[in-house]
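Colleague: Residue numbers (this note's numbering): 145 to 424. My questions will all concern the structure given below.
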Amino acid sequence: MFDQTTLSSTQEVAPLSPLSRCHGLTVGHATHRGLVRSANEDDHALALDLGFFVVADGVGGSPGGAVAARLATAAMVSSLRFGSKSRVGSDGGAEPSDEETATHSARVVAAAHQAHQMIYSYGARNRCPGAATTMSALWVTGSRVLVANIGDSRAYRLENGGLTRLTRDHSALEEYAERFGPVPENVRQMLENIVTRVLGGHSPQPPDVDLTAHALIGKEVFLLCTDGLSKVLTEREIAAVLSSAQTPQLAADILIDMANDAGGPDNITCVVVQVERVSA
Numbered sequence: 145m146f147d148q149t150t151l152s153s154t155q156e157v158a159p160l161s162p163l164s165r166c167h168g169l170t171v172g173h174a175t176h177r178g179l180v181r182s183a184n185e186d187d188h189a190l191a192l193d194l195g196f197f198v199v200a201d202g203v204g205g206s207p208g209g210a211v212a213a214r215l216a217t218a219a220m221v222s223s224l225r226f227g228s229k230s231r232v233g234s235d236g237g238a239e240p241s242d243e244e245t246a247t248h249s250a251r252v253v254a255a256a257h258q259a260h261q262m263i264y265s266y267g268a269r270n271r272c273p274g275a276a277t278t279m280s281a282l283w284v285t286g287s288r289v290l291v292a293n294i295g296d297s298r299a300y301r302l303e304n305g306g307l308t309r310l311t312r313d314h315s316a317l318e319e320y321a322e323r324f325g326p327v328p329e330n331v332r333q334m335l336e337n338i339v340t341r342v343l344g345g346h347s348p349q350p351p352d353v354d355l356t357a358h359a360l361i362g363k364e365v366f367l368l369c370t371d372g373l374s375k376v377l378t379e380r381e382i383a384a385v386l387s388s389a390q391t392p393q394l395a396a397d398i399l400i401d402m403a404n405d406a407g408g409p410d411n412i413t414c415v416v417v418q419v420e421r422v423s424a
């Protein structure tokens, strides 16, 4: 696991908040269009002052996918930063109450719904109805981490040298597997690129947001990624990189290179977050 606890270069420069100092946040991030796609429709944002991180994957084949991804990340960060409570609770690392966790959860859902409305309105105004994106987000809140997702971008946690998936794909493939079991290859080829829940899309009704809370125990490593990574590399391969790389930034760079070495069939984005609880 990573040794350092200093911040690597990030997409968004912000001073460390008490939350960041308390937890020794270390972040690495990387994105690449891959070797097949002509453009990169992924996006990601790092809000270090909030302890909030998000990736988005503009839905391919829909007009405005790249814009949808950018709107999703920007809108969620803006909602959390400038909402009615711009500071999170339990900055000192104390155990958050159930009420605090419920408040944080409601704010993440509200942020996702705001992003949905912005994307839907953008599509309607610019004659590209259906603009849509997936989303996976991580919010460090005191001694817990909240994970939110819509679509098939994923969040993982490194545990005992292995990888634990913290999100469920909202995809035709996953729904088939849950209902019928192992997926035949011919069915996989038909379903693998169909997402069943998105931000934006053709309905003004905001989608349900899957949200889970996870206790921070010691030094933890989390990964947010788009399916350009998770569909190409195995969980064992990803875990090996997260366990052995010297820094989160190096881990992110290696994962991008490995996905491209495996063919790079899609855009690839990953955010690696190390969180270390430090006693006040």
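Cβ atoms here follow ideal geometry from the backbone N, Cα and C, with glycine treated the same way.
Give me the residue from TYR266, ILE338, VAL416 with the minimum Cα distance to SER280.
Modeller: Here residue 280 corresponds to residue number 136 of the sequence shown, with the count starting at 1. Considering only alpha carbons, the answer is VAL416.
Colleague: So, under 8 Å CB-CB, ILE400 and ILE412 are touching, yes? Tell me the CB distance rounded to an integer number of Å.
Modeller: Position 256 of the sequence shown holds residue 400. Position 268 of the sequence shown holds residue 412. Yes, ILE400 and ILE412 are in contact; Cβ-Cβ is about 5 Å, under 8 Å.
Colleague: Starting from VAL342, follow the alpha helix (DSSP H) in both directions and report where the run begins and ends.
Modeller: Here residue 342 refers to the residue found at position 198 when the sequence shown is read from its first residue. Note, VAL342: premise wrong, no alpha helix (DSSP H); not H, not E.
Colleague: If you check the beta carbons only, do LEU343 and HIS248 fall under 8 Å apart?
Modeller: Taking the sequence shown and counting its residues from 1, one reaches residue 343 at position 199. Taking the sequence shown and counting its residues from 1, one reaches residue 248 at position 104. Cβ atoms of LEU343 and HIS248: not closer than 8 Å.
Colleague: Please name the residue in VAL289, ASP371, ILE338, GLU381 whose C-alpha comes closest to that of GLY178.
Modeller: Sequence index remark: in the sequence shown, residue 178 carries index 34 (1-based). Of VAL289, ASP371, ILE338, GLU381, the residue nearest in Cα terms is ASP371.
Colleague: Within this structure, are the beta carbons of ARG421 and LEU360 separated by less than 8 Å?
Modeller: Here residue 421 refers to the residue found at position 277 of the sequence shown. Here residue 360 refers to the residue found at position 216 of the sequence shown. Yes, the Cβ-Cβ distance between ARG421 and LEU360 is below 8 Å.
Colleague: How long is the line joining the alpha carbons of ALA395 and ALA389, rounded to whole angstroms?
Modeller: For this step, residue 395 is matched to residue 251 along the sequence shown. For this step, residue 389 is matched to residue 245 along the sequence shown. Roughly 5 Å separates the two Cα atoms.
Colleague: Output yes or no for whether 8 Å exceeds the beta carbon distance between THR367 and LEU355.
Modeller: Position 223 of the sequence shown, counted from the first residue, corresponds to residue 367. Position 211 of the sequence shown, counted from the first residue, corresponds to residue 355. It is worth fixing the name first, because residue 367 is Leu in this sequence and not Thr. Their beta carbons are not under 8 Å apart, which means LEU367 does not touch LEU355 by this criterion.
Colleague: Between which two residues does the alpha helix (DSSP H) carrying GLU185 extend?
Modeller: Taking the first residue of the sequence shown as 1, we reach residue 185 at position 41. Segment: none, GLU185 is in no alpha helix (DSSP H) and carries neither H nor E.
Colleague: Taking LEU367 as part of the alpha helix (DSSP H), name the residues at either end of that continuous run.
Modeller: Here the question's residue 367 lines up with position 223 in the sequence shown. That residue, LEU367, is in no alpha helix (DSSP H); its beta strand (DSSP E) goes 363 to 369.
Colleague: Specify the secondary structure class of SER222 as computed by DSSP and reduced to three states.
Modeller: On the sequence shown, residue 222 is found 78 positions in, with the first residue counted as 1. The answer is helix: DSSP assigns SER222 an H, G or I state.
Colleague: Assuming HIS176 is part of the beta strand (DSSP E), what are its boundary residues?
Modeller: Counting from one through the sequence shown, the residue named residue 176 turns up at place 32. Note, HIS176: beta strand (DSSP E), 170 to 176.
Colleague: Could you pull out every residue in the same chain whose Cβ sits closer than 8 Å to the Cβ of ILE338, ignoring the five residues on either side in sequence?
Modeller: Numbered from 1 along the sequence shown, position 194 holds the residue referred to as residue 338. Counting only Cβ-Cβ distances below 8 Å, and skipping sequence neighbours, we find SER315, ALA316, LEU317.
Colleague: Could you spell out the range, first to last residue, of the beta strand (DSSP E) harbouring VAL284?
Modeller: Here residue 284 corresponds to residue number 140 of the sequence shown, with the count starting at 1. It spans 276 to 285 - the beta strand (DSSP E) in which VAL284 sits, taken as one unbroken run.
Colleague: Kindly indicate the opening and closing residues of the beta strand (DSSP E) around GLY267.
Modeller: Position 123 of the sequence shown, counted from the start, is the residue given in the question as residue 267. Premise fails: GLY267 lies in the alpha helix (DSSP H), 242 to 269, not in any beta strand (DSSP E).
Colleague: In whole angstroms, what separates the C-alpha of GLY362 from that of ARG298?
Modeller: As a working mapping, residue 362 is identified with position 218 in the sequence shown. As a working mapping, residue 298 is identified with position 154 in the sequence shown. Cα to Cα, the separation comes out at about 22 Å.
Colleague: If distances are taken between C-alpha atoms only, which option among ALA216, ALA383, ALA212, VAL198 comes closest to THR308?
Modeller: Counted from its first residue, the sequence shown places residue 308 at position 164. Nearest option by C-alpha distance: ALA383.
Colleague: By Cβ distance below 8 Å, which residues in the same chain neighbour ARG341 in space, the five residues on each side in sequence not counted?
Modeller: Stepping through the sequence shown from its first residue, residue 341 is reached at position 197. Excluding sequence neighbours, ARG341 sits near ILE294, GLY295, HIS314, PRO351, ASP352.
Colleague: Among the candidates PRO326, GLU381, PHE196, whose CA atom is the shortest distance from the CA of ALA256?
Modeller: Here the question's residue 256 lines up with position 112 in the sequence shown. Nearest option by C-alpha distance: PHE196.
Colleague: If you run the structure through DSSP and keep just helix, strand and coil, what is ARG312?
Modeller: Sequence index remark: in the sequence shown, residue 312 carries index 168 (1-based). Here ARG312 sits in coil by DSSP.
Colleague: Which one or two residues does DSSP pair with ALA292 in a beta bridge?
Modeller: As a first step, residue 292 must be located in the sequence shown, where it is residue number 148. ALA281, LEU355.
Colleague: Near ALA357, what residues of its chain come up, given a Cβ to Cβ distance below 6 Å and the 5 sequence neighbours on each side ignored?
Modeller: The residue you call residue 357 lines up with position 213 of the sequence shown. THR245, ARG288, LEU290.
Colleague: Which term fits ALA189, buried or exposed, when burial requires 16 or more other beta carbons within 10 angstroms of its beta carbon?
Modeller: Translated into the one-based positions of the sequence shown, residue 189 becomes position 45. Label assigned to ALA189: buried.
Colleague: May I ask which residues mark the beginning and end of the alpha helix (DSSP H) holding VAL415?
Modeller: On the sequence shown, residue 415 is found 271 positions in, with the first residue counted as 1. Run containing VAL415: none in the alpha helix (DSSP H); it sits in the beta strand (DSSP E), 412 to 420.
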